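Visitor: My structure is below; once you've seen it, I'll send some questions.
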Amino acid sequence: MQDYRQTLERQVQERTMALQQAMWELDRLATLDGLTQVANRRRFDSYLMQEWQRLARTLQPLSLILCDVDYFKRYNDHYGHQAGDLCLQMIAQAMDKVAKRPADLVARYGGEEFAILLSQTDRAGAEQVAEALRWAVESLAIPHDTSQVSQFVTMSMGIATMLPLQHQLPDELIKRADQALYLAKEQGRDRICHVPSGHVVAISA
3 MQDYRQTLER
13 QVQERTMALQ
23 QAMWELDRLA
33 TLDGLTQVAN
43 RRRFDSYLMQ
53 EWQRLARTLQ
63 PLSLILCDVD
73 YFKRYNDHYG
83 HQAGDLCLQM
93 IAQAMDKVAK
103 RPADLVARYG
113 GEEFAILLSQ
123 TDRAGAEQVA
133 EALRWAVESL
143 AIPHDTSQVS
153 QFVTMSMGIA
163 TMLPLQHQLP
173 DELIKRADQA
183 LYLAKEQGRD
193 RICHVPSGHV
203 VAISA
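In terms of the working numbering, the sequence shown is numbered consecutively and its last residue is 207.
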């Protein structure tokens with residue numbers, strides 16, 4: 003009787019653990035982009051709010067880099083959607099290796115756009131990461147015959163850095179990074195721009 007009870011308890015424990023692991027895996031998959039295996043937009047939005055609130059309490063900076071693959075529609079049209087998917091996967095993997103601190107987050111923001119959230123990172127630090135990301139992508143040397151800026155796949159990047167405040171929402175951070183990304187495209191793509199104090203400035207080309 004005692005042996006039977008112990009066996010039953012062990013089986014219950016094993017099944018409970020297996021169920022917990024399955025639930026953890028489902029949670030993980032729900033926050034990953036299916037194609038690139040980096041964080042998805044849902045995870046990005048959640049983490050952005052979490053870090054914004056945390057850094058508002060500690061009065062530390064938060065930086066965001068928005069990245070867009072240059073002339074990606076032309077790439078897809080020329081090489082095909084399978085090649086386009088592989089291109090995005092390679093870029094995501096390269097970015098994930100650069101933004102590797104525990105608090106960093108690389109996410110697929112939508113389509114050919116990626117977002118990198120850098121906690122406790124000032125503008126200078128964000129610029130260094132952006133340059134490293136740009137170099138990592140260009141080092142992949144993915145051919146892009148229909149690009150107007152390079153024979154290989156390149157990226158345009160916009161950086162914004164803010165000191166989060168508790169009475170603010172992080173929407174302004176996204177807005178500033180988006181403005182910087184827009185300028186990077188307007189100035190010819192394959193470059194990095196940032197937004198200091200509401201003014202957009204080019205960093206590198």
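All C-beta atoms, glycine included, are put in the ideal place defined by N, C-alpha and C. Nothing here was measured: the structure is a model prediction, and the numbers come from that model.
What number of angstroms, rounded off, separates the C-alpha of residue 134 from the C-alpha of residue 84?
Guide: Going from the Cα of residue 134 to the Cα of residue 84 covers about 27 Å.
Visitor: To the nearest angstrom, how far is the alpha carbon of residue 5 from that of residue 139?
Guide: Each residue's Cα considered, the two are about 60 Å apart.
Visitor: Touch check for the stretch 78-97 and the stretch 159-171: three-plus C-beta pairs under 8 Å?
Guide: The stretch 78-97, when compared against the stretch 159-171, does not touch it at the 8 Å Cβ threshold.
Visitor: Would you call residue 178 buried or exposed, if buried means 16 or more other Cβ atoms sit within 10 Å of its Cβ?
Guide: Per the 10 Å Cβ criterion, buried.
Visitor: Do you know offhand how far residue 229's Cα is from residue 187's?
Guide: For residue 229 there is no data in the structure shown, the boundaries of the chain being 3 and 207.
Visitor: In this structure, does DSSP put residue 169 in helix, strand or coil?
Guide: Three-state DSSP puts residue 169 in coil, outside helix and strand.
Visitor: Would you kindly work out how many angstroms separate the C-alpha atoms of residue 45 and residue 109, rounded to a whole number?
Guide: Cα to Cα, the separation comes out at about 8 Å.
Visitor: My parser needs the alpha helix (DSSP H) runs of 4 or more residues fully inside the stretch 34-80; what are they?
Guide: Runs found: 43-60.
Visitor: In angstroms, rounded to a whole number, what distance separates the CA positions of residue 200 and residue 174?
Guide: For residue 200, the pLDDT reaches just 48, beneath the cut-off of 50, and the residue's location in the model is therefore unreliable, leaving the point undetermined.
Visitor: Please classify residue 50: is it buried, with 16 or more other beta-carbons within 10 angstroms of its beta-carbon, or exposed?
Guide: Classification of residue 50: buried, given that the 10 Å Cβ count is 16 or more.
Visitor: Assign residue 86 to one of two classes, buried (16 or more other C-beta atoms within 10 Å of its C-beta) or exposed (fewer than that).
Guide: Per the 10 Å Cβ criterion, buried.
Visitor: Closest to residue 35 by CA distance: which of 132, 171, 111 and 183 is it?
Guide: Ranking the options by Cα distance to residue 35, first place goes to 111.
Visitor: Would you kindly report the start and end of the unbroken alpha helix (DSSP H) that includes residue 135?
Guide: Residues 125-141.
Visitor: Taking the straight line between their C-alpha atoms, what separation do you get for residue 122 and residue 43?
Guide: Distance between the alpha carbons of residue 122 and residue 43 is about 21 Å.
Visitor: Among 183, 166, 103 and 141, which one has its Cα closest to the Cα of residue 96?
Guide: Comparing Cα positions, the closest option is 141.
Visitor: Could you have a look at residue 146 and say whether DSSP puts it in helix, strand or coil?
Guide: Looking at residue 146 - three-state DSSP - the assignment turns out to be coil, as it is neither helix nor strand.
Visitor: Per the DSSP calculation, residue 158 is bridged to which residue(s)?
Guide: Beta-bridge pairing links residue 158 to 70.
Visitor: Determine the contact status of residue 182 and residue 169, defining contact as a CB-CB distance below 8 Å.
Guide: Result no, Cβ atoms of residue 182 and residue 169 do not sit closer than 8 Å.
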